[in-house]
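Undergrad:
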Amino acid sequence: MKTARISDRVYYIGVNDRTTHKFEGMWPLPNGVSYNSYLVVGSEKTAIIDGVEVSHAFQQIDEIKSILGDRQPDYLIINHMEPDHSGAIRLLRQEFPEITIVSNTQALNMVHGFYGVDGNTLTVKEGETISLGKETTLSFTMTPMVHWPETMVTYLMEEKTLFSGDAFGCFGALNGAVIDTEMNTDPYFPEMLRYYSNIVGKYGVFVQKALKKLEGTPIETICSTHGPIWREKIAEVISLYDRLSRYEPLDNGVTIVYGSMYGNTEHMAEAAAEALAERGVRDITMLNASVTDVSFIIAEIFRHRGLVIAAPTYSDGLFPPVAAVMDAIAVRGVKNREVALIGSYTWAPQAIKVMTQRIEACGLTNVAAPVSIKQSATGDDLTICREAAAILARKLTAE
Ligand code: FEO
1169 MKTARISDRV
1179 YYIGVNDRTT
1189 HKFEGMWPLP
1199 NGVSYNSYLV
1209 VGSEKTAIID
1219 GVEVSHAFQQ
1229 IDEIKSILGD
1239 RQPDYLIINH
1249 MEPDHSGAIR
1259 LLRQEFPEIT
1269 IVSNTQALNM
1279 VHGFYGVDGN
1289 TLTVKEGETI
1299 SLGKETTLSF
1309 TMTPMVHWPE
1319 TMVTYLMEEK
1329 TLFSGDAFGC
1339 FGALNGAVID
1349 TEMNTDPYFP
1359 EMLRYYSNIV
1369 GKYGVFVQKA
1379 LKKLEGTPIE
1389 TICSTHGPIW
1399 REKIAEVISL
1409 YDRLSRYEPL
1419 DNGVTIVYGS
1429 MYGNTEHMAE
1439 AAAEALAERG
1449 VRDITMLNAS
1459 VTDVSFIIAE
1469 IFRHRGLVIA
1479 APTYSDGLFP
1489 PVAAVMDAIA
1499 VRGVKNREVA
1509 LIGSYTWAPQ
1519 AIKVMTQRIE
1529 ACGLTNVAAP
1539 VSIKQSATGD
1549 DLTICREAAA
1559 ILARKLTAE
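If you read the sequence shown in the numbering used here, its first letter stands for residue 1169, the second for the next number, and so on.
(1) With a cut-off of 7 Å, give the chain-ordered residues whose Cβ is closer than this to any heavy atom of the ligand FEO.
(2) Thinking residue 1539 and residue 1559 are a contact (beta carbons under 8 Å), I'd like their distance in whole angstroms, please.
(3) Just to confirm, is the Cβ distance from residue 1443 to residue 1557 under 7 Å?
(4) Label residue 1293 either buried or exposed according to how many other C-beta atoms from any shown protein chain fall within 10 Å of its C-beta, with 16 as the threshold for buried.
(5) So residue 1476 and residue 1439 are in contact, right, with Cβ under 8 Å, and what is the actual spacing, rounded?
(6) For the stretch 1505-1521 against the stretch 1388-1405, do three or more pairs of beta-carbon atoms, one drawn from each stretch, fall closer than 8 Å, so that the two count as touching?
(7) Looking at the ligand MN, does it come within less than 6 Å of residue 1334, judged from the CB to the closest heavy atom?
(8) Would residue 1530 and residue 1496 qualify as a contact pair, given that the criterion is a beta-carbon distance under 7 Å?
(9) Can you list, in chain order, the residues of its chain whose CB lies under 8 Å from that of residue 1420, leaving out five sequence neighbours each side?
(10) Please go through the same chain and pick out, in chain order, the residues whose beta-carbon is closer than 6 Å to the beta-carbon of residue 1561, but skip the five residues on each side of it.
(11) Taking buried to mean at least 16 other C-beta atoms within 10 Å of its own C-beta, is residue 1487 buried or exposed?
(12) Thinking C-alpha only, which one of 1316, 1342, 1441, 1302 is nearest residue 1212?
(13) For residue 1491, count neighbouring C-beta atoms within 10 Å of its own C-beta (all shown protein chains included) and say buried if the count is 16 or more, exposed if not.
(14) Is residue 1311 closer than 7 Å to residue 1378 when the C-beta atoms are compared?
(15) Counting only the same chain and skipping the five closest in sequence on each side, list residues whose C-beta sits under 6 Å from that of residue 1549.
(16) Could you give the residue range of the alpha helix (DSSP H) that holds residue 1548?
(17) Using the beta-carbon count (16 or more within 10 Å), is residue 1228 buried or exposed?
(18) How many whole angstroms separate the CB atoms of residue 1307 and residue 1390, which I take to be in contact at a CB cut-off of 8 Å?
(19) Could you tell me which residues DSSP puts in a beta bridge with residue 1398?
(20) Please report how far the alpha carbon of residue 1386 lies from the alpha carbon of residue 1323, in whole angstroms.
(21) Compute the beta-carbon to beta-carbon distance between residue 1320 and residue 1247, rounded to the nearest angstrom, for a pair I have assumed lies under 8 Å.
(22) Roughly how many whole angstroms lie between the Cα atoms of residue 1202 and residue 1337?
(23) I believe residue 1181 touches residue 1207 by the beta-carbon criterion, under 8 Å. Please report the beta-carbon distance rounded to the nearest angstrom.
(24) In the structure shown, what three-state DSSP assignment does residue 1271 receive?
(25) Kindly indicate which three-state DSSP category residue 1349 falls into: helix, strand or coil?
Written out as structure tokens, the structure is:
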């Protein structure tokens, strides 16, 4: 992609990936993803901030050379060592042997561990600064577990620009423009919800700590490692990360996740959906766990306050596609949701037992009495499903 100038001193030197099917080998990328990287050019020194995934290394090296000409990059500043940002380190060091790799102790240990790269490193600690020359000062703030333990952010003090690593990032390649003021950002917000809930969702407490740490810092530009550069919508983006990391639902809608082998459990889930709609719940997302990737399901669970889970017994346990969703809920420590459970079975009512135990273990509450329906749902059975959904609807519409 073309090199974009963010300011007099800062260039965008990131890349788009529309080839990889699944981020981290797990999370679908229907809209691609960008690996954002930046070049800060000071009067005396230059610094690359964050890198790109290894298959795009030569593209980035060409861009660096086209900007710097005869100058060499002096520093490579690593905010985060996950290989989507660090994969090109060895090639950068080979191309620019004098470059000093800058990060905290933990990250520099990972540079050795992942890439066998040593020597000419500079360890920075909380609050320390590096000057690149006239009015170009970079400061460093440690933000562990946003998203790995070594994570930090870099701040260009004179321009009030925060290089935030994964924080405030989203899925979605950049289609021409890189700054939010120059594009329609609407498609990126659902991808921010999915990125946050999939990738960072377990670490809400740490995101909150990082937000508190940065509270007094004036920020005019956010340069994250994925998605648009934020200027116009900084408040919106910080607010979204703040709410999501508090596990605060974004609306009073309901996610219905169900698994169904022959349509009987689906029939029960449909009855619940109808009852919710009849009682005024307007935003209902109904997802078949056998069809929809857990990536999209967990994003909807982060969005809506209400959650209905319906599943049959399978092999004396819970239907595996729904069990995978419950794993995802537990791993992320999802809180503040109103839940209704519907189990179905042919001869062993295990599904509702497993779901009830797992929901309780997550600290969530089943708002209605557990529903467990044998074989196909009759009229009375469907009424029970509707009643459970009605209790959930009352909870949601009362608030
Ligand atoms: Fe974009 Fe945690 O790496």
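Every residue, glycine too, gets a C-beta built ideally from N, C-alpha and C. Please read these numbers as outputs of a predicted model, since none were measured by experiment.
TA: Taking the geometry as given:
(1) Residues with their Cβ less than 7 Å from any non-hydrogen atom of the ligand FEO, running along the chain, are 1248, 1250, 1252, 1253, 1315, 1316, 1334, 1337, 1367, 1393, 1394.
(2) Contact flag wrong, Cβ pair sits at about 11 Å.
(3) It is a contact, given that the beta carbons lie within the stated cut-off.
(4) That one is exposed.
(5) Residue 1476 to residue 1439, Cβ: 11 Å. No contact.
(6) Between the stretch 1505-1521 and the stretch 1388-1405, the count of C-beta pairs closer than 8 Å stays below three; the two stretches do not touch.
(7) Of the ligands one can find in the structure shown, namely the ligand FEO, none is the ligand MN.
(8) Annotated as distal: residue 1530 and residue 1496, with beta-carbon spacing of 7 Å or more.
(9) Excluding sequence neighbours, residue 1420 sits near 1449, 1451, 1472, 1473, 1474, 1564, 1565, 1567.
(10) Same-chain partners within the cutoff: 1444, 1447, 1449.
(11) With 16 or more Cβ atoms within 10 Å of its Cβ, residue 1487 is classed as buried.
(12) Across the set 1316, 1342, 1441, 1302, the C-alpha of 1302 shows the shortest separation from the C-alpha of residue 1212.
(13) In summary, residue 1491 is buried, with 16 or more beta-carbon neighbours lying within 10 Å of its beta-carbon over all protein chains present.
(14) Yes.
(15) The residues are 1541.
(16) Per DSSP, residue 1548 belongs to the alpha helix (DSSP H) from 1547-1565.
(17) Classification for residue 1228: buried.
(18) In fact, because the Cβ distance is near 15 Å, the residues do not count as touching under 8 Å.
(19) Answer by DSSP bridge pairing, in chain order: 1390.
(20) About 10 Å.
(21) Rounded, the Cβ-Cβ distance is 5 Å, consistent with contact.
(22) Rounded to whole angstroms, residue 1202 to residue 1337 spans 10 Å at the Cα level.
(23) The Cβ separation is near 5 Å, so the contact holds.
(24) Looking at residue 1271 - three-state DSSP - the assignment turns out to be strand.
(25) In the three-state scheme derived from DSSP, where H, G and I count as helix and E and B as strand, residue 1349 is classed as helix.
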